[in-house]
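Okay, structure first, notes after.
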Amino acid sequence: MATSPLFTHFDQIFILLRNWLVGFLPAALRPAAGVVLGVITIVCLFPGLFALTTVFERKGLGRIQNRLGPNRVGPFGFFQPVADGIKSLTKEDIVPFSANAVVHFLAPLSLVVAVFMEFAVLPMGRNMVLVDLNAGLLFFFSMSASTELSVFMAGWSSRNKYSLLGAMRAVAQMISYEVVLLLSSVSVVMIAGSLSLPKIVAAQDSYTGIFPHWYIFTPWGLAGFVMYAIAATAETNRSPFDLPEGESELVAGYHTEYSGFKFALFFLGEYLAMFAISGLGTTLFLGGWSAPFSFLTFVPSWIWFFSKVMLSIFVFIWMRGTLPRLRQDQLMNFAWKFVLPFTLLNLFVTALWRFMGEGWMRWVVCTVILVAAYVLMGRLSMRNEHFGPRRYRYAE
Amino acid sequence: MNALFYLLAAITIGGGLASVLLKHLVHCALATTVAFAGLALLFLQLDAQFTGFAQILVYIGAVAILIVFAILLTRGADLPKDGVFSRTWFVGLVIAAGIFAVLAWAVLESVRALPQHNAVPAVTVRDIGNALVGRYVLPLEIVALLLTAATIGAVIVAMHEKERPKP
Amino acid sequence: MTTPLAGYLLVAALLFAIGIAGALVRRNAILVLIGIELMLNAANLNLIAFWRYGPHPELLTGMMFAIFSIAVAAAEAAVGLGLVISIHRHTNTTDLDKMNRMKG
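Just so you know, the sequences run in chain order A, B and C. Letter 261 of the first sequence, counting from 1, is numbered 261 in our numbering, and no numbers are missing. Letter 130 of the second sequence, counting from 1, is numbered 526 in our numbering, and no numbers are missing. Letter 103 of the third sequence, counting from 1, is numbered 666 in our numbering, and no numbers are missing.
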């Protein structure tokens, strides 16, 4: 690992900047001021990334669907978020007459507040976590669970059948996949030995030869990561799990009756939740801020973290453009009857991995168990499906 | 800090009062959520971080949603015609006031004998984990059994009965 | 100045009284369950306050008790609400004043 002072300075540049700024204040105020500076950075940086992601998404989806995305505003359409922002902020704020005004107002606020809190425990670089909580992972999941209630509040307070239906579907989906999310993270906690996210990253920050010790490169880690990714897509209501807000199904689901700035807040909340969950997935499985090869450690740690998060976002966008939507009962069936048992098996396999000791044996045993279970469960859940040549029925 | 404690206590008690006094059931459920949140913050002030986060995750993330789903499934959104308070509301109020009087008297009588303050206990999640599988493994297994029974029981109780075939 | 233990105990006692008032005074069955949840939460607050200010906090007794209480309360809420839904399906009401017969 390069230990030259220049590398350390560039890697820790934000920490050094913060310490220099905070040094102007008396010693009693310094910790609080440091935290406030960190909060301001997060509140400015992630919505900025959100703006960039909206334009990436629209252009990316456009390219997947063989058309150009927005290309009028600015060079290649990259100032589109500015136009979108101005539109959202200046649109009239309509509240339905029979809607419950207080709850209608509080729903997007509580969603965005809960989602912003999730960023407080993510380690974005070496020594760059806002709060190093002992139970950091639990805090993240508590904030994620609070967003479900905001979704329900939004849907119910609009006094609209479509909103309520969308909200119910969204909450049912989020609760089911929350269990999967938690259980797939528990395997990581078992191996790393701590719920504190910086410690989980530190446990993955070593190399054998040039290959890193990320958890995704182990059999249980790969299975866990796939299930975490499925659960993350469902938690943030992204395609192929976006029935609660599918435009062709439910008008706009639980944010039908919101316009202008409140709709922009929901939009912001959804994308920020995507960033936060990708950030957590990176921390748990992809090694957080550590470099992929041991000869690349001269690149600053925060660049690696954000590259991995943006890569996950790109995969989200790719899935949205490629896969068809799942129906609500197919989605719930999938969660409770396939993913959850597989996650429990993964937990068992992780324990086996931990107690088998180093060597090639544990690789073989764990891989064989996981692959055999996957094939068996797949065959079992598809035994009623009859695949054959497609038969057409024509209208007479 | 004292001011913070008063604020959190006010939020909790306010949420609790709102949840038993409001007319519309969904408002009551949301006020209960505010009370749960206030309690979680009180736990955090008492240096019980794991319990505080578990309170948010379980109560706000699951129990509150359960209550709200039950309200919607039983059409509690329609207001009853005879008012929301039961016929015997006065007796209930007297009983509650009596209980509070007894508890408050017990607390205020023993103020001198109560422990004053401790150093912050250095409790990590690792200690909690060790305690759970060490000293408290029997309650852990019993609670696991209880949760399984509760899950199966709740599903069976709330399931739609299958149509019996007419003979 | 740290808050004295009596402060937390009084808040817990008040919340308990509010919970019991809610369970006894309102008509709807679901509000009874909300009252029960408030009572359980008040007891949890009591437990954690005594754990914090007690002689041996490193033994974790109070915290363990509170964690188990949270788990059991969640399970009991689930079963209770399932019962309320089932009764509603049978009698089409959740009004406790009307549910005063065992017949039907």
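We put the CB at the ideal spot given by N, CA and C, even for glycine.
task = Determine the DSSP secondary structure at Tyr-207 (chain A), reduced to helix, strand or coil.
result = strand
Neighbourhood of Ala-231 (chain A) by C-beta distance below 6 angstroms, restricted to the same chain and skipping five residues each side = Tyr-177, Val-180 and Leu-181
Coarse secondary structure for Asp-11 (chain A), derived from DSSP in three states = helix
request  = Excluding the 5 residues preceding and the 5 following Met-1 (chain A) in the sequence, name in chain order all residues of the same chain whose CB lies nearer than 8 angstroms to its CB.
outcome  = Only weak support exists for where Met-1 (chain A) lies, its pLDDT of 46 falling under 50; the coordinates are left without a value.
query = Do the CB positions of Leu-435 (chain B) and Asn-604 (chain C) come within less than 8 angstroms of each other?
reply = yes
key: Contact set between Asn-663 (chain C) and chain B, taken where Cβ atoms lie within less than 8 angstroms   = Within chain B, no residue comes near Asn-663 (chain C); the closest Cβ sits about 11 angstroms away, beyond 8 angstroms.
request  = Find the nearest neighbour of Val-102 (chain A) within the set A:Phe-141, A:Tyr-215 and A:Met-153, judged by alpha-carbon distance.
outcome  = A:Met-153
ask   = Opposite Asp-658 (chain C) in the DSSP bridges: which residues?
value = C:Asn-591
message = So for Met-1 (chain A), helix, strand or coil by DSSP?
response = Caution applies to Met-1 (chain A), whose pLDDT of 46 falls short of 50 and renders its modelled position unreliable; the model cannot decide the point.
task = Decide if the stretch 81-94 of chain A is in contact with the stretch 232-239 of chain A; the criterion is three or more beta carbon pairs, one per stretch, under 8 angstroms apart.
result = no
query = Which residues bound the alpha helix (DSSP H) around Gly-269 (chain A)?
reply = 261-285
task = Could you please tell me which residues of the stretch 537-552 of chain B, in chain order, have their CB closer than 7 angstroms to any CB of chain C?
result = Val-539, Leu-542, Leu-543, Ala-546, Gly-549 and Ala-550
ask   = What are the partner residues of Pro-620 (chain C), as DSSP defines its beta bridges?
value = Note: Pro-620 (chain C) sits in no beta bridge, so no partner.
query = Considering only the beta carbon of each residue, do Pro-123 (chain A) and Thr-8 (chain A) sit closer than 8 angstroms?
reply = no
ask   = Helix, strand or coil: which one does DSSP assign to Phe-481 (chain B)?
value = strand
Residue of C:Arg-615, C:Phe-579 and C:Met-627 minimising C-alpha distance to Ala-431 (chain B) = C:Phe-579
key: the stretch 641-659 of chain C: positions lying closer than 7 angstroms to chain B by Cβ   = Ala-641, Val-642, Leu-644, Gly-645, Leu-646, Val-647, Ile-648, Ser-649, His-651, Thr-657, Asp-658 and Leu-659
key: Distance between Phe-78 (chain A) and Arg-72 (chain A) (C-alpha atoms, nearest Å)   = 9 angstroms
inquiry  = Once the 5 residues before and after Ala-425 (chain B) are set aside, which same chain residues still bring their CB inside 7 angstroms of it?
reply    = Ala-460, Ile-463, Val-464 and Ile-467
message = Distance cutoff 8 angstroms, beta carbons only. Does Ile-407 (chain B) sit that close to anything in chain C?
response = no
inquiry  = List, in chain order, every chain B residue whose beta-carbon is nearer than 7 angstroms to that of Val-595 (chain C).
reply    = Near Val-595 (chain C) there are no residues of chain B at all, since even the closest Cβ is about 10 angstroms away, more than 7 angstroms.
Proximity test, Cβ basis, 8 angstroms: Met-555 (chain B) and chain A = no
inquiry  = Can you tell me whether Trp-302 (chain A) is buried or exposed? The criterion is at least 16 other CB atoms within 10 Å of its CB, across all chains shown.
reply    = buried
Test item: CB-CB of Ala-550 (chain B) and Val-642 (chain C) under 8 angstroms = yes
task = Identify, in the order they occur along the chain, each residue of the same chain with its Cβ nearer than 7 angstroms to the Cβ of Phe-241 (chain A), setting aside the five sequence neighbours on each side.
result = Gln-173, Thr-233, Ala-234, Leu-326 and Leu-331
ask   = Since Val-454 (chain B) meets chain C, which of its residues come closer than 9 angstroms, beta carbon to beta carbon?
value = Ile-633, Ala-634, Ala-636 and Ala-637
request  = Evaluate Asn-607 (chain C) with the Cβ neighbour count: other Cβ atoms within 10 Å of its Cβ, from every protein chain shown; 16 or more gives buried, anything less gives exposed.
outcome  = buried
query = In terms of residue numbering, what span does the alpha helix (DSSP H) encompassing Leu-106 (chain A) cover?
reply = 101-118
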